[in-house]
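Letter by letter, the sequence shown follows residues 93 to 145 of the numbering used here.
To keep things clear, I will list the structure first and then write my remarks on it.
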Amino acid sequence: MEDGALRILDQIWLVWLFSIFVAIIVWAMWPRNKEKFERYGRIPFEGDDRHGE
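Shown next as structure tokens:
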């Protein structure tokens, strides 16, 4: 491949990965998902009544 083609491919790859990153952040912060993530965050504390025994 030419040096120019590798630069373009590198830039496309960077934009693609950044877009995926932003999409994941938007999905995680979307208000509709707040209750679900709070529920998932409580999972480690549910169902264990021994309290360190």
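We treat Cβ as the ideally placed atom computed from N, Cα and C, and that holds for glycine.
The model shown is predicted, which means the values in this text are computed figures rather than measured ones.
Delimiting residues of the alpha helix (DSSP H) encompassing residue i
i, result
"tryptophan 108", "95-121"
"glutamate 127", "126-134"
Residues near residue i by beta carbon distance below 8 Å, same chain, minus five either side
i, result
"asparagine 125", "Trp119"
Own chain, CB closer than 7 Å to residue i, minus 5 neighbours either side, in chain order
i, result
"leucine 101", "none"
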